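Undergrad: Quick one: the structure is below, questions incoming.
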Amino acid sequence: MAELFDFIWVICVVMLLFGAAIFVHEFGHFWVALKRGLKVEEFAIGFGPIIWSREKDGILYSIRAIPAGGFVKLPQMLTSETIEGKPTDGDDEGDDAEEGEVEELPPVSPLSKILVAFAGPFMNVVFAFVIACVLWGVGVLKPASTTVVGHVGSREGEYSKVQPGDKIVEVDGNEITSWQNVTFSLIRHEGGKVPVTF
5 MAELFDFIWV ICVVMLLFGA AIFVHEFGHF WVALKRGLKV EEFAIGFGPI
55 IWSREKDGIL YSIRAIPAGG FVKLPQMLTS ETIEGKPTDG DDEGDDAEEG
105 EVEELPPVSP LSKILVAFAG PFMNVVFAFV IACVLWGVGV LKPASTTVVG
155 HVGSREGEYS KVQPGDKIVE VDGNEITSWQ NVTFSLIRHE GGKVPVTF
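This is the structure in C-alpha cells:
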C-alpha cells in the first residue's frame with residue numbers, strides 16, 4: 005500500500021511540474037508577443053475540450069481537459085498562405101466576398117518572430133534555475149529511513165511507556181520499516197486501540 009501511495013505521489017508531482025513547465029513556456033511566448041505588438045487570439049493550457057474559458061481584451065484564456073501541453077495562438081506567426089497555399093491569378097476574386105471579410109494583420113518583423121520563438125525555451129531555463137535555487141535553499145524532503153521515536157508528546161497513561169529512542173517494529177501485526185507503513189497500518193485498523201510492538 006505504501007508503494008502505491010509513493011507511486012501516486014510521484015505521478016502527481018510530475019504532472020504538477022510538467023504543467024508548470026508548460027505554463028511558463030507558453031507564458032514566455034505570450035508575454036513577448038504582447039510586448040512586440042503581435043495579435044494574440046488565445047492562450048490555452050492543455051488540449052482537447054475547454055473546461056474553463058474567459059475572454060479579456062480580445063484574447064481567449066482557456067484551460068482544457070488534457071493537461072499534456074498548451075499553446076498560444078498567434079496568427080501573425082503563421083500566415084494563411086502557409087496553410088492554404090498562395091492563390092493563383094486565375095482564382096475567382098468573388099470568393100472572398102462570399103466567405104466574408106478576413107482581418108488582415110500587419111506583417112511581423114523577423115526580429116519579433118525570433119524573440120517570440122526564443123521566449124518559451126528561455127522561460128523554461130529561468131524556471132529550472134528558480135526550482136534549483138528553491139531546492140538548494142530548502143532542501144529535498146526525504147521519508148524518514150527509520151521508525152525510531154524522536155519525541156513523545158504525552159507521558160500520561162499508556163503513553164508513559166513510550167520513550168524517545170524506542171523503535172516501532174510492528175503495528176497491528178504488520179512489520180514496519182517506515183513511518184508510511186505506520187500511517188497505512190493505522191488507517192486500515194478498525195477499532196479504538198492499535199497493538200504496537202517496540
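Each residue of the sequence shown is one higher than the last, beginning at 5 in the working numbering.
The beta carbon of each residue, even a glycine, is placed where N, CA and C say it ideally should be.
Only a predicted model underlies this, so the values are computations on that prediction, with no experimental measurement involved.
Do Lys60 and Leu109 count as a contact pair if the criterion is CB distance below 7 Å?
TA: Position 105 of the sequence shown holds residue 109. Position 56 of the sequence shown holds residue 60. No, the Cβ-Cβ distance between Leu109 and Lys60 is not below 7 Å.
Undergrad: Quick one: using the 10 Å Cβ neighbour count with 16 as the cut-off for buried, is Gly74 buried or exposed?
TA: The count along the sequence shown starts at 1 and reaches residue 74 at position 70. Buried, since its Cβ has 16 or more Cβ neighbours within 10 Å.
Undergrad: Hey, quick one: how far does the alpha helix (DSSP H) through Pro125 stretch, first residue to last?
TA: Your numbering for residue 125 matches position 121 in the sequence shown. Note, Pro125: alpha helix (DSSP H), Pro114 to Val142.
Undergrad: With DSSP collapsed to three states, give me the class of Phe22.
TA: Stepping through the sequence shown from its first residue, residue 22 is reached at position 18. Reduced to three states, the DSSP call for Phe22 is helix.
Undergrad: Using a Cβ-Cβ cutoff of less than 6 Å, which residues in the same chain neighbour Ala37 once the five nearest sequence positions on both sides are dropped?
TA: Looking up residue 37 in the sequence shown gives position 33. Correct list, in chain order: Val44, Leu78 and Val120.
Undergrad: From Leu8 to Lys165, what does the alpha carbon distance come to, in whole angstroms?
TA: Looking up residue 8 in the sequence shown gives position 4. Looking up residue 165 in the sequence shown gives position 161. Near 33 Å, if we compare the C-alpha coordinates of Lys165 and Leu8.
Undergrad: Output the boundary residues of the beta strand (DSSP E) element that contains Phe75.
TA: As a position in the sequence shown, residue 75 is number 71, starting the count at 1. Note, Phe75: beta strand (DSSP E), Ile63 to Lys77.
Undergrad: So, is Ile12 buried or exposed, given that buried needs 16 or more other C-beta atoms within 10 angstroms?
TA: Against the sequence shown, residue 12 aligns to sequence position 8. Ile12 comes out exposed.
Undergrad: Within 10 angstroms of the Cβ of Ser189, are there 16 or more other Cβ atoms? Answer buried if so, exposed if not.
TA: To locate residue 189, count along the sequence shown from 1; it is residue 185. Buried.
Undergrad: Can you tell me whether Val152 is helix, strand or coil according to DSSP?
TA: One-based indexing of the sequence shown puts residue 152 at position 148. Strand at Val152.
Undergrad: Indicate the three-state DSSP secondary structure (helix, strand or coil) for Ser57 in the structure shown.
TA: The count along the sequence shown starts at 1 and reaches residue 57 at position 53. Reduced to three states, the DSSP call for Ser57 is strand.
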